[in-house]
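**Q**
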Amino acid sequence: MEILDGKKISNDIKQEIAEEVAKMKDRGEKVPHLAAVLVGNDGASLTYVGSKVRTCKKIGFESTLIHLPEDTSEEKLLAQVEALNANPEIDGYIVQLPLPKHINEQKVLLAVDPSKDVDGFHPENFGKMALDMVSFIPATPYGIMELLRRYDVDTTGKHTVVIGRSHIVGRPISILMSQKGKAADATVTLTHSRTQNLKEFTKNADIIVSALGVPDFLKADMVKEGVVIIDVGITRVPDSSEKGYYITGDVDFDEVAPKASHITPVPGGVGPMTIAMLLKNTLLARKRQN
Ligand code: GUN
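Quick note, the sequence shown lines up with residues 0 to 289 if you use numbering that gives the first Met the number 0.
1) Flag residue 95 as yes when its Cβ comes closer than 7 Å to any non-hydrogen atom of ligand 1, and as no otherwise.
2) Can you find a heavy atom of ligand 1 that lies under 7 Å from the Cβ of residue 273?
3) Please tell me whether, using a cut-off of 7 Å, the distance from the CB of residue 138 to the nearest non-hydrogen atom of ligand 1 is below it.
4) Any heavy atom of ligand 1 inside 7 Å of the beta-carbon of residue 167?
5) Where does residue 193 sit, in a helix, a strand or coil, going by DSSP?
6) Can you name, in chain order, every residue of its own chain whose Cβ lies under 7 Å from the Cβ of residue 98, other than the five neighbours on each side?
7) For the putative contact between residue 109 and residue 5, defined by C-beta atoms under 8 Å, what is the C-beta separation to the nearest angstrom?
8) Please state if the CB of residue 249 and the CB of residue 209 are separated by a distance shorter than 8 Å.
9) By a C-beta neighbour count over all protein chains shown, 10 Å radius and 16 as the cutoff for buried, is residue 232 buried or exposed?
10) Restricting to runs no shorter than 3 residues, where is the beta strand (DSSP E) found entirely within the segment 221 to 254?
11) Per DSSP, what kind of secondary structure is residue 187 in: helix, strand or coil?
12) If I measure Cβ to Cβ from residue 154 and keep anything under 7 Å in the same chain, skipping five residues before and after, which residues do I get?
13) At the level of alpha carbons, what is the spacing between residue 270 and residue 226?
14) According to the neighbour-count rule (16 or more other Cβ atoms, all chains shown, within 10 Å of its Cβ), is residue 68 buried or exposed?
15) Report the rounded CA-to-CA distance for residue 116 versus residue 3, giving the unit in angstroms.
16) Compute the Euclidean distance between the alpha carbons of residue 211 and residue 25, then round it to the nearest angstrom.
17) Under DSSP, the beta strand (DSSP E) around residue 63 begins and ends at which residues?
18) Would you identify the three-state DSSP class for residue 260, choosing helix, strand or coil?
19) On the criterion of 16 or more Cβ atoms from any shown chain inside 10 Å, does residue 53 qualify as buried, or is it exposed?
20) Name the two residues that bound the continuous beta strand (DSSP E) containing residue 48.
21) With a threshold of 7 Å (Cβ to nearest heavy atom), would residue 118 be considered close to ligand 1?
22) Does the count of Cβ pairs from the segment 230 to 246 and the segment 188 to 196 closer than 8 Å reach three?
23) By Cβ distance, which residues of its chain are closer than 6 Å to residue 124, with the 5 residues on each side in sequence left out?
24) Does the beta-carbon of residue 221 have 16 or more other beta-carbons within 10 angstroms, so that it is buried, or is it exposed?
Laid out in structure tokens, this is it:
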């Protein structure tokens, strides 16, 4: 069994980006500038956005955090998005999801300039991705693909079962892994909450990508020997520690790992890859602005 070490690979990628940024600086060029818009005080979102901004600093990017109160109106958020679109200093930006209930998420995502949409959530980018055209690929699926590529995991013709059909992970990874190329060329089944007999699918899967958000959902009796496990779940489970919670994935790691040929841990698997690929997209955005 081999651990797919997202922490290590994400550090390699960040190092590669940092070296490229240093060269840009040496040539007197503008360095990439990422902005993040956060509305409200959701604990997990605060952690993610804080980490994204901190990592920018570490690798030599400029970064801007725009933290708006929970009761920010949709109109005000849209005005902020327009300001970011018009600001030539900003190469790419994200609007952290989920947004508060009173804001129409689709309306906001549609307002983002596709050339600055480093999340790859705008329909122009998502459509281009689905059609094998150059676009921004959403960071989490992009991170999964990169992890599979760098560990040389054989995906060609393999039965890949994706659990979860979210716009951020399940849907895009099912498209990407069915495309031609490295870490792709797979035979993909997209399963979700209405799937009947899920176990029949997972038991026959060569590769499982779980993006469900239910702790310890995937058990040993649901997988076959030699399976490749990509655990995208990041759930905060309350406990008596100082933090008040611990982080766990969708996969019962202790049970499933002995049967797996490759497995991502949580934390330290897909999570750190997401941030690295967001930075990669921001670097691409900077280059494409030229
Ligand atoms: N919420 C959970 N994941 C993501 C992400 O990748 N980007 C944004 N903007 N919000 C998220």
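Even for Gly, the Cβ is constructed at its ideal location relative to N, Cα and C.
**A** Based on what the coordinates show:
1) yes
2) yes
3) yes
4) For ligand 1, at least one heavy atom lies less than 7 Å from the Cβ of residue 167.
5) coil
6) 38, 104, 107
7) Actually they do not touch by this definition, with Cβ atoms about 31 Å apart.
8) yes
9) By the neighbour-count criterion, in which 16 or more other beta carbons inside 10 Å mark a residue as buried, residue 232 falls on the buried side.
10) Qualifying beta strand (DSSP E) stretches, in chain order: 226 to 230, 234 to 237, 244 to 247.
11) strand
12) Result list for residue 154: 147, 176, 182, 183, 184, 185, 206, in chain order.
13) 20 Å
14) exposed
15) 28 Å
16) 44 Å
17) 61 to 67
18) strand
19) exposed
20) Taken as a continuous stretch (DSSP letters only), residue 48 belongs to no beta strand (DSSP E), being part of the alpha helix (DSSP H) at 42 to 58.
21) yes
22) no
23) 113, 116, 134, 135
24) With 16 or more other Cβ atoms within 10 Å, it is buried.
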